[in-house]
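Enquirer:
There are 2 protein chains.
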Amino acid sequence: MTSTDTPTVDNGVNIEALRGARQALTDAPEAAQFQWQATCEWVRGTHSRSTITEFSGLGQQHSHRLPYTVDADHPEVFASEDNGATPPEIALAALASCLTAGVATVATNRGVQLRSVKATVHGGMDLQGILGIDGDVRNGFDSITVTFDIDADASRADLEAIIAQSQKRSAVYDVVTNPTTVNVSLA
Amino acid sequence: MTSTDTPTVDNGVNIEALRGARQALTDAPEAAQFQWQATCEWVRGTHSRSTITEFSGLGQQHSHRLPYTVDADHPEVFASEDNGATPPEIALAALASCLTAGVATVATNRGVQLRSVKATVHGGMDLQGILGIDGDVRNGFDSITVTFDIDADASRADLEAIIAQSQKRSAVYDVVTNPTTVNVSLA
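Chains as they are written, first to last, in my numbering: chain A, 1 to 187; chain B, 188 to 374.
1) Bridge partners for residue 234 of chain B per DSSP, in chain order?
2) For chain A, is any of its Cβ atoms less than 8 angstroms away from the one on residue 359 of chain B?
3) If we ignore side chains and look at the alpha-carbon of each, how far apart do residue 264 of chain B and residue 231 of chain B end up?
4) Inspect the CB distances between the region 95 to 113 of chain A and the region 207 to 223 of chain B and report whether three or more fall short of 8 angstroms.
5) Taking residue 296 of chain B as part of the alpha helix (DSSP H), name the residues at either end of that continuous run.
6) Would the beta-carbon of residue 282 of chain B fall within 8 angstroms of that of residue 79 of chain A?
7) Residues in the same chain with beta-carbon distance under 6 angstroms from residue 150 of chain A, minus the five sequence neighbours each way, listed in chain order, please.
8) Tell me the DSSP secondary structure of residue 59 of chain A in three-state form.
9) If we count the other Cβ atoms within 10 Å of its Cβ and call it buried at 16 or more, is residue 73 of chain A buried or exposed?
10) Which residues, in order along the region 124 to 142 of chain A, keep a beta-carbon less than 7 angstroms from a beta-carbon of chain B?
11) Does the distance from the C-beta atom of residue 276 of chain B to that of residue 52 of chain A stay below 8 angstroms?
12) Spell out whether any CB of chain A is found under 8 angstroms from the CB atom of residue 293 of chain B.
13) Does residue 34 of chain A come out as helix, strand or coil in the three-state DSSP assignment?
14) Taking just the CA atoms, how far does residue 144 of chain A sit from residue 92 of chain A?
15) If we ignore side chains and look at the alpha-carbon of each, how far apart do residue 339 of chain B and residue 181 of chain A end up?
16) Below 8 angstroms, how does it come out for the region 161 to 178 of chain A and the region 358 to 373 of chain B: are there three or more Cβ pairs, yes or no?
17) Excluding five sequence neighbours on each side, which residues of the same chain lie with their C-beta closer than 6 angstroms to the C-beta of residue 217 of chain B?
18) Which of helix, strand or coil does DSSP assign to residue 119 of chain A?
19) Judging by CA-CA distance, which residue of A/27, A/172, A/170 and A/35 is the nearest neighbour of residue 61 of chain A?
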């Protein structure tokens, strides 16, 4: 190695393939239309199990390597059995994991080697909303904070810029911060 | 049993305890302030693991009966290893499980015996957003549909009303359909 070699960065992100995919979808935008899917089956009480197996995109159906399941329930303080995380906690996990994958991808794109990344996410909620006690209180979070602890070969300013870019390109950050139309119906 | 007996409904939801909690929080609204939390640790590439253990509410800290984890990753078609569901799929699971718990709770409150409940949720996404190909395309879902299959002792109109009430009181439905402030920072 000489001083002019590019430092070797290995965060486990295949950035060349991502750049290729970006170019391919620029040339064929109809392939960029994806459909994500989950199937949630009621178990008992407030306990349910969601299964994630298939999605479509690039003009075809795809199966995950394995089916993934997420159990959800309410805690014992709500007179439930606590057989899983609550749905709001699962939403926070979705947000944190989306931003964390973004940090790994952007860091790799910028040649930054990561050693550890941890995102701690908190969401406040006034239960007077979902319990219907006060109609002026919303059902969801009043606000969310995400705090990153990152150990990496980069300055604080560079890490802050990586986090900002991750937010800018995060699907779930957009879902949480902006409204999405949801149509709910009986089959 | 005589014909004047109230039908026995057992969906596994302790509706008396919930009514009690609602009254207790009406009398002491400060106890209704909850904080939900998740901690997401980067594993490698786009793979992360979120852990959900603690939350606060009713004026104190609580631990779940068990720690719950959610692995997230990107699929092989994005040159990732597919070690978990994608963050958008996890967000869909959070939405479906919240509405499903609501259906069980509202049905019990209305004396409706459920036999099975299944929610299938789809979210469309144009990847030109998160890939930064087209700045006019949003990163998140273009729209979401949730379709319930319910087997229960109730008319179609009653089931539709139960689903509507579940939406009205769902935390995650509110999170998805309305904007929430998210503050992201480096520790």
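A virtual CB, placed ideally from N, CA and C, is assigned to each residue, including glycine.
Expert: Taking the coordinates as given:
1) DSSP output for residue 234 of chain B lists B/231 as bridge partner(s).
2) Yes, residue 359 of chain B lies at the interface with chain A (some Cβ there is under 8 angstroms from its Cβ).
3) Roughly 17 angstroms between the two C-alpha positions.
4) Judged by Cβ distances under 8 angstroms, the region 95 to 113 of chain A makes no contact with the region 207 to 223 of chain B, as fewer than three pairs qualify.
5) It spans 274 to 296 - the alpha helix (DSSP H) in which residue 296 of chain B sits, taken as one unbroken run.
6) It is not a contact, given that the beta carbons lie outside the stated cut-off.
7) The answer, listed in chain order, is 117 and 159.
8) Reduced to three states, the DSSP call for residue 59 of chain A is coil.
9) Buried, by the Cβ-count rule.
10) Residues of the region 124 to 142 of chain A with a Cβ closer than 7 angstroms to any Cβ of chain B, in chain order: 124, 125, 126, 127, 128, 130, 131, 132, 133, 138, 139, 140 and 141.
11) It is a contact, given that the beta carbons lie within the stated cut-off.
12) The Cβ of residue 293 of chain B sits no closer than 8 angstroms to any Cβ of chain A.
13) Under the three-state reduction of DSSP, residue 34 of chain A is assigned to strand.
14) Computed Cα separation, rounded: 8 angstroms.
15) Residue 339 of chain B and residue 181 of chain A: Cα-Cα distance of roughly 28 angstroms.
16) A contact between stretches requires three or more CB pairs, one per stretch, nearer than 8 angstroms, and the region 161 to 178 of chain A meets this requirement with the region 358 to 373 of chain B.
17) No residues qualify anywhere along the chain.
18) Annotated three-state conformation of residue 119 of chain A is strand, per DSSP.
19) When only C-alpha atoms are compared, the closest one is A/35.
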